[in-house]
Structures are given as structure tokens and as C-alpha cells.
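Residue numbers (this note's numbering), protein chains in the order written: chain R, 21 to 281; chain V, 21 to 281; chain X, 21 to 281; chain A, 21 to 281.
Protein chains: 4
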Amino acid sequence: MSRKVAVLGASGYTGAELVRLIATHPILEIGALTGERKAGMTMGEVFPHLAPLPLPRLERIEDLSFEGIELVFCALPHATSQAVIAGLPAHLRIVDLSADFRLRDPAEYLKWYGQPHAAPELQAQAVYGLTEFYRNDIEAARLVAGTGCNAAAGQYGIRPLLEAGVIDPDRIVIDLKAGVSGAGRALRENLLHAELSEGTHPYAAGGAHRHLGEFDQEFSRVMGRPVRVQFTPHLLPMNRGILATIYVEGDPQAVHRALAQ
Amino acid sequence: MSRKVAVLGASGYTGAELVRLIATHPILEIGALTGERKAGMTMGEVFPHLAPLPLPRLERIEDLSFEGIELVFCALPHATSQAVIAGLPAHLRIVDLSADFRLRDPAEYLKWYGQPHAAPELQAQAVYGLTEFYRNDIEAARLVAGTGCNAAAGQYGIRPLLEAGVIDPDRIVIDLKAGVSGAGRALRENLLHAELSEGTHPYAAGGAHRHLGEFDQEFSRVMGRPVRVQFTPHLLPMNRGILATIYVEGDPQAVHRALAQ
Amino acid sequence: MSRKVAVLGASGYTGAELVRLIATHPILEIGALTGERKAGMTMGEVFPHLAPLPLPRLERIEDLSFEGIELVFCALPHATSQAVIAGLPAHLRIVDLSADFRLRDPAEYLKWYGQPHAAPELQAQAVYGLTEFYRNDIEAARLVAGTGCNAAAGQYGIRPLLEAGVIDPDRIVIDLKAGVSGAGRALRENLLHAELSEGTHPYAAGGAHRHLGEFDQEFSRVMGRPVRVQFTPHLLPMNRGILATIYVEGDPQAVHRALAQ
Amino acid sequence: MSRKVAVLGASGYTGAELVRLIATHPILEIGALTGERKAGMTMGEVFPHLAPLPLPRLERIEDLSFEGIELVFCALPHATSQAVIAGLPAHLRIVDLSADFRLRDPAEYLKWYGQPHAAPELQAQAVYGLTEFYRNDIEAARLVAGTGCNAAAGQYGIRPLLEAGVIDPDRIVIDLKAGVSGAGRALRENLLHAELSEGTHPYAAGGAHRHLGEFDQEFSRVMGRPVRVQFTPHLLPMNRGILATIYVEGDPQAVHRALAQ
């Protein structure tokens, strides 16, 4: 029994990867794809490696009928996403891959993203999509917020330690190394091959990275009081992958037990 | 006895590399540097790896006194270069690293660069700067045209074979692999790390690359009749370097002798 | 209705990639895996990215029961492969990914691989596994010889042109650029990151590469007379992928028609 | 007035780079080069990029006359270095690039390198070669120990802060990212392009890296009491360069002032 899904924003990096993964999924089936600027094109025209897959043509969101669709993946830019999702039919379940619904506190959203949220009631309903820790909530949710890539990498190692109470919550350092595709296809000088290859550099040092907002929210929720970590992401000369080197204080045996169980 | 030189356009990739090389030259000494948009800055501010060198500050060309300067290196963009050089004091000798003076036939220049040459009388005087083949001309020249990078790489292997008469001039294939810094710092999608790394692609296939004009000019000059080669450059996921794989027809022993002598 | 397969040599690069692909195949199902030196281990222990897949443990070939298995993929080293395949139960169909059964002429095999073939009767039965050109033969075959990676890349562009009779068969140049994983995990100095990254070089130049034997065999078969091409492979600083730049002589319109149809 | 130097072990990565740098030095002049396994060869035969330089042929150390030589650079493997240096003529001044003379306490040397030092009296005389902090000692020294690459990178940021007393010496984290050429030309699987490119990994985690011995020695010397740091080096898919991300606790303004002065 297959379930029909739509992917909004299928012509970007994230959308294309999603389509590739759904194409071999045992239950999900792609019923519709949208791409504003590429509407009318086939996915194979935009991404040649997807040409062999039997996929619907790209449409504009406003031309899309959601009949028969049960689930929508939203791979749209930040801010656009909340406006589009607010207008979707009520019967749809939604997984949003933008940053729009990761922070549940409107004040935090304003602080990290610089503008008020356009769909605050949806924001309150959204479930933080870190499956390993919110599996039951996600199962029941209408709207799931895909987590930040850095934010997920950091939480996998730290949450079990905070929950087990074996580390000092106020002395956590996350030194993160990330591939460049996470920055998308933006035409920025520091993303050029001649600038990035054979080098590495931190970015958003000193607590300026938006994923820090997710660490704050999630670790504070676990501990029941404000927790602030040190977090420095670095851009590496590789396309994919994230390595988080995490420094904590606690008894090594206890830390190992908490992670191994 | 040192000789004072100026580098025009010292704030680009080419200019910076030139400055780095001149800095350890036994005779040349840097007397002046220009950079339009970076005028007033030190080289170390633009390129941190040059900070330890004792270098003059960047100026605007119009503010530059050429007193005491004997030689000017011109690392300006194509087309700009010919206008600037036309206005330089007559006592200066000039090495131009742009494409402006490589082709000596105005019709060829128009064909490959799409506009008439602005300094045709200088164009006629310029010497093609491939030292291994034009050493005497270069010594006597007022204006030397630095060759195209691909054009140089191809000629090193082929000229000795044409001059020795050991290959068929009408069956030459140049398959060229070039690092990405040759494309400069332009913000183009195909120069992004995520697009270029882990891949390679030909560009300007089918005879569209401007360096083909240099092959035509030089090989025809050697043979005294029109010679046309096949030339396909490829962009490789590396920053520097060029490898030209050249396919010719001729007796292998004779080819080897012509190259080894 | 699934069909059970075994993968022999599943602990190498080729075997692991095969397992990854079969795992999402709609019909094939993995029934057994072998790996001589890693026997007893799980695939997840050898390749962490395969840990989530439900896979049988690695066994030694001699411990393997082929009951219920219909198809065997053989990802063993050259020479080992022919010995193992000669001893497999008669009911099995086999896809061999080594070089052992690509050349059908024993004299050619001896010339390119330096030793007589150990299973010449199987060699005569094997079908050359280039699906686009031998689909019917492959369907009927007991033993399919997976083609060389470079050999496949070159044939895709050239065979249609030879079959259409639109190019000169005696003037074909194949300049091939290949990623480094094709060389496997061998500990060779020229495969080190510090040696290979930021550079490229030809290898087996001058007609020394074994895949040239496949070009000879296949192009001569198409033309009904001996055909010899020029073929120079290059190692590029990327892990995967092959680009073949092919130079031919013929009418461009006819060439385009032959490829486009 | 030039000063003649010899480079022992000139045929390795370190030796070759040293030769390249000395070749453009205003005062130093290369008088002799050794390379045990490459004795009799020219440097250009071993490293083609050095072929244009006028350099002496490689000799064996035992064949070398040190007449006229004032300074010796020793780029030999660890352990070999101490034996060779112990036998050098007394008039020579020596810069050793191995790890042999970095640690001055014999017990520390034994702990980190697993064997007793073969020249303990020289070990006691050696000056730690971090020029920015030991300039006067280096000027007077007969034997200078080149520092570990990681050890140098970490000290540049931390020593000024310890000396100024503005950070907590017991809460220092050094997360270090290093290019792969630092591991030399060893044939190890994790140094292959296909394994290293597109990935990164920590090594010697948990306090196992020998450069930690240098941090211990130097920071303890500065503070006059034992100081232990957290140090995790990572291998990055780049050939050269080191980035040390350092986490400290202290007043940000005071830290900035200590670094800026």
C-alpha cells in the first residue's frame, strides 16, 4: 500500500536529494513536485542523475492539486516556507525542511532570524523532528520541523549525556566540521573551489550561528533550566558530511556507559 | 644592481602571484603597485600571506609616478589592459599578462574577442612572450604579451615537432586538463566547490576557446601556411596546474628525437 | 517474488557497493555474503554505512551452501575469480565483476594478463556484459562478464558511430579521465592524498592498459576487421566517475544523428 | 656574504621543502645534500620541481665532508636523528627537524617515544625552536629542535594568554585540523585519496598524540607548575596547513588585549 507525497521546492539541492531517497522508499510514492522557476521542466532536465526515475513534471505550487496526496515535504527557503505551509489544505501532514518551525518560542525565533514569525499558531504545534528523541510526538504530529544539520549532529552525542546526568551542562564545547553543500548553491566567494579547497575556516564564530538557537532550546528543555554551549562550526574542503568533536566534563566511565546503552 | 618595476592590477590573483615571485628575484625590485578598488590598502591587507614582505601601498594608476620605474607588469583585465598600456610613458618596457596583445592580426583579434582592438599600432609591435621560442625578440621588445596558459602548455610539446617536420600538422589533438584558479575569482556556479569537486567537465568544446586563436597563429607561423588543431580544455578539481595530453601522427623515434634534443 | 543472490567477495570496495545497490532492488534479495579474511564479521563491522541493512554475516566461500540461491555476483580479484567460478554448482547463474571473462580469445587473454586462462571453456561461453549492446545475449547467458570501467565509458560513445558507419575506424582517440577509487584500496604511493590531490597524470600510456584489449575485441567485432584505437587513461583527484573525451573523424551532422537516435 | 649549509635527509618531503626555501634565502647557500637511499641522484631526479636549481648531488652521510659547512639542517627520521647528530663535528651548528630534541626531560621522552634517548647530554643542551618565544636562546644555541607542527600551532595562540595570566590554565581545549602531508609519505590505508578525500577524522584522540608532550612541557614551564590541556588533532582532506581552534575561559576583553599587543 503506497502513500502519495508531494515535494515542494524539488529543484533545489535538498529537494533533489529528497526525491532520490523517496524514489526507493518501500511505501512512499511521489505524486507531485513543485519548483517555481523550473515549472514545466522535468526533474531529469534540472538534475541529469534523476533522469531515469519516473517522476511527475515540476509545477508551480498554486497549480498543484493536493487530491490524493497525504504527506508534503517542504524544501523551500526559510521564511517562504512558513507562508506556504500556512496555506496548505488541512488534511495534509507536513515535514518542513527549512528552519521556520525549529524554534518554538516566538521571541527566540525573532532573535535568531531577525523577523517575527508569520504563522505563530503553527509554530506552537510543530514537533522538533529529531526522530531518535521525539519518535512518538512525530508520529502524532501534523507538522514536523526538520532539524538543522549542525544542530542534529551536536545533539546525538550530548542529549544522552545530559539525560543521564553524567556531564556538567555548563562546560560543553561543540567543535563542528561541515561539508560545503550545507551552504547550498549560493554564489559566494568563500564557496569557490579555488578559495575553499586546500583550506578550512570557522564561520559564525562567537555564538552567531542560528543552530545555536536549537542547542539552547533543546538542551534547556532536557535540563529544565537554561543551558548555553560553546559552538564553533567550520567549513571543510569536502562536499558532504558533518563531524562534531564534543568536549565535556564528567566521569569517563559514566559517559561511556550513557552512550553505549 | 636592482631594476625597479611596477605591477599594475596587483590586487588580483595574477598580480599577487607576480608580486610573490618578484619579491625573491635577484635583480627586480618592486617600486610601485596599483589596485583600483583596493587603492590605499597594503598588500598584506588584501592577501595575508604577503604581509611579511616590505611592499609599497596600493595606489590608483592615475596617481602613480613612473619616475625611476623601468619595467611595468600589467595584470589588468582584458580590454582594460590595452587602454592603460596605450597611455604609459614611452620610456617604460611592458610585460602584459592579459590577452590583449597575444594575437597580432587585428582581424583575428576581432574574431576571438568580439571587438576591434583599441591600440592596433601597439598590437603590431608586441612580441609573443613564449620565452623558449622568442627569447631574442623578447630581449629587444618594448611590449611583451604574456601567453595564454593553455596556449603555452600546448605549444611546448608541439612546436619542436612542427619545426622538426616529424608530425602531420593537420592531425594534432590537444586534450587539456586545467586547474580552476585559471578561471579567476568569478562568482560562477560551475566554479563552486560543491559543483566542481568530485567531477570534471570540458568547456568551450568544439573550437570555441580563445586560446585556439593563439595555436592557429603560432602553428601557422611555424609552418608558413594555415594549421588548425583540435583543442578541448577541461576543468579539473584542482586549483593549479595544466596537463596537456597531445596526440600526433608521425614516426615515434623521430618524435622522441625531436623532443629529446 | 524475490530472487535470492549471493555476493562473493563482499568485503571489498566493489562488493560493498554491490550490496548497497542490491539492498534497494525490487526483486533481488541477498541470501549470502562471503569475504575470506573478514569471515565471521558483519558487513556493518567492515563498512559502517551498511550497518543499518539486515544482511547475513560474511562467510568463507567453502562454507557456503548455495541452496536457494539463483544468482551469484562475483567481486573477487582477477585470476581468483576464474578458479572460484569454475567450481560453482551448475544451477547458478553468474555475474563476474573481475576482468577474467571479458576477453574471449585465449591468445588475447594471455597477451594482456600474462598467464593462460584457467577455465577456457567458461571463457568461451561468457557474454560481454555491456547491457546496452548485448541485452538479449545477457538474458540467455549463464555467465556474464562485467566490463572494464574505462572500456564501458569509451564504448558508449563510439559503438553507435561505428555501427552507423559515420566515422573513420582508424582515427579514434579516447582520452579518459577517471576517479581514483577504480584503482581500489591498494597501498601505492601515487594513490596517497598528498600525491594525487592537486594534480593529474596519465597512466599506462602508449597502449599498455588492459582495457585496450576490450576496445580491440569489441570494435573489431563490430567492424568485422581489426580496429585499433588510441587510448590514454588519466588519474584525476576525485574518487568516482569517468569522463571519456573522444576524438573522431567524420561528418559532424551524421555523427550527431547517430548519437541522437 | 653567504653561509654554507648542509641538509641531511634531503630526499624526503621535509628535506625537499627546506631545500626549496633555502634556495631563495639571501644569506644561506646549500653546500651539501644527503639522502641514504637516493645517494648519487640529483635532487631534480627525485623532485622534478627542483630540477632548475643549481644543487649538489645527493650523497651518503658517511661520505660527506663538512669542511666549509657552518650549519646543518637535519631532516632525518625520529631516532635516526639523535644518532647522527651525536656524531657530527663539533664546529657545526644544527637545526634538527625531527622530534628527537623537543622534550628536554629524559623521562618525558621515554614516556612519549617509548625508548630511552641515545644522546641525553645533547638533549639537555637543545633549545626549543619556537622563534617567537625563544629568539635569544636560539641565537646562542648549538642545537635547535624544530617544534612539532601541531605543537607550534597551538602555542601561538595560548602562550601569550598564559603569560598575561588572563585564562584558566586548567580549562584549555585545542581542537586542531591538519593537512595530510604532515603524516608524510607513509603507505597507510587512511592516507589514500579514496579514503581521506570527502571526509575527516580525529586521530590519537584521548591524549595519545606525541605533540601533547610538547604542550605539557612548554605550558608547564610558562606557569611554573604542571599544566595539562585537552588536545584532539583531526586529519583534513587538504595537503597543507593547520588550523587550531582554541577554547579558553577568561575575560574576552583581557584575552583580546593579550593577543593584540
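Don't be surprised by glycine CBs; every beta carbon is placed ideally from N, CA and C. These numbers come from a predicted model, not from an experiment.
Asked                                                                                                                                  : Found
Sequence-distant residues of the same chain with beta carbon closer than 8 Å to Arg23 (chain R), five excluded per side                : Ile47, Leu48, Glu49, Glu90, Leu91
Cβ-based neighbour list, Glu269 (chain X), same chain, cut-off 7 Å, excluding 5 preceding and 5 following                              : Ile187, Asp188, Arg191
Test item: CB-CB of Thr34 (chain V) and Leu117 (chain V) under 8 Å                                                                     : yes
Own chain, CB closer than 6 Å to Thr265 (chain A), minus 5 neighbours either side, in chain order                                      : Asp195
Residues bridged to Ala198 (chain A) (per DSSP)                                                                                        : A:Leu255, A:Ile262
Span separating the alpha-carbon of Gly261 (chain R) from that of Cys94 (chain R)                                                      : 22 Å
Closest residue to Leu216 (chain A) among A:Ala203, A:Gly227, A:Gly226 (Cα-Cα distance)                                                : A:Ala203
C-beta contact flag for Tyr148 (chain X) and Ala165 (chain X) at 8 Å                                                                   : yes
is_contact[Glu215 (chain V), chain X] using C-beta, thresh 8 Å                                                                         : no
Beta-carbon neighbours of Val200 (chain X), restricted to chain A and to distances below 7 Å                                           : His213, Ala214
Every unbroken beta strand (DSSP E) within the segment 139-220 of chain V, with a cutoff of 3 residues, ordered by chain               : 163-165, 193-198
Close-in-space but distant-in-sequence residues of the same chain around Leu130 (chain X) (CB under 7 Å, 5 per side omitted)           : Pro136
Distance between beta carbons of Tyr267 (chain A) and Val282 (chain R), contact taken as under 8 Å                                     : Residue 282 (chain R) lies beyond the range of chain R shown here (21 to 281); nothing can be said about it.
Closest Cα partner of Leu123 (chain X) within the set X:Ser85, X:Met258, X:Ala280, X:Arg241                                            : X:Arg241
Ile47 (chain A) - DSSP class collapsed to helix/strand/coil                                                                            : coil
Assigned secondary structure, Ile24 (chain A) (DSSP; H/G/I helix, E/B strand, else coil)                                               : It should be noted that the sequence gives Lys, not Ile, for residue 24 (chain A). Three-state result, Lys24 (chain A): strand.
Coarse secondary structure for Phe93 (chain X), derived from DSSP in three states                                                      : strand
Partner residues on chain V for Gly219 (chain X), Cβ-Cβ distance less than 7 Å                                                         : Met258, Gly261
Rounded Cβ spacing between Gly185 (chain R) and Met258 (chain R) (contact assumed at less than 8 Å)                                    : The pair is not a contact, with the Cβ atoms about 36 Å apart (cut-off 8 Å).
Partner residues on chain X for Pro140 (chain V), Cβ-Cβ distance less than 7 Å                                                         : Within 7 Å Cβ-Cβ: nothing; Pro140 (chain V) doesn't reach chain X, min ~35 Å.
Cβ-based neighbour list, Thr220 (chain X), same chain, cut-off 8 Å, excluding 5 preceding and 5 following                              : Lys197, His254, Leu255, Leu256, Pro257
Test: Gln250 (chain R) CB closer than 8 Å to a CB of chain A                                                                           : yes
For Gly55 (chain X), the residue or residues it bridges with in DSSP                                                                   : Bridge partners of Gly55 (chain X): none, in fact.
Proximity of Leu70 (chain X) and Met63 (chain X) at Cβ, strictly below 8 Å                                                             : yes
Neighbour flag for Glu209 (chain V) against chain R, beta carbons, 8 Å                                                                 : yes
Pair within 8 Å by beta-carbon distance, Arg205 (chain R) and Leu212 (chain V)                                                         : yes
Beta-carbon contacts of Glu218 (chain A) that lie in its chain and below 8 Å, excluding the five residues immediately before and after : Pro257
Alpha carbon of Tyr154 (chain R) to alpha carbon of Ala172 (chain R), nearest angstrom                                                 : 12 Å
Positions along the segment 224-242 of chain X whose CB lies within less than 8 Å of some CB in chain V                                : none
C-beta neighbour in chain R for Ala205 (chain V), strict 8 Å                                                                           : Per the sequence shown, the amino acid found at residue 205 (chain V) is Arg instead of Ala. With 8 Å as the cut-off, Arg205 (chain V) counts as an interface residue toward chain R.
First and last residue of the uninterrupted alpha helix (DSSP H) at Val66 (chain A)                                                    : 63-66
Rounded straight-line distance, which links the Cα of Asp83 (chain R) to that of Ala287 (chain R)                                      : Beyond the ends of chain R as shown, which are 21 and 281, falls residue 287 (chain R); an answer cannot be given.
Cβ neighbour criterion (16 or more within 10 Å) applied to Asn170 (chain R)                                                            : buried
Arg230 (chain V) and Ala119 (chain V) closer than 8 Å at C-beta                                                                        : yes
Residue closest to Ala274 (chain V), alpha-carbon to alpha-carbon, out of V:Ile81, V:Asp236, V:Pro180                                  : V:Pro180
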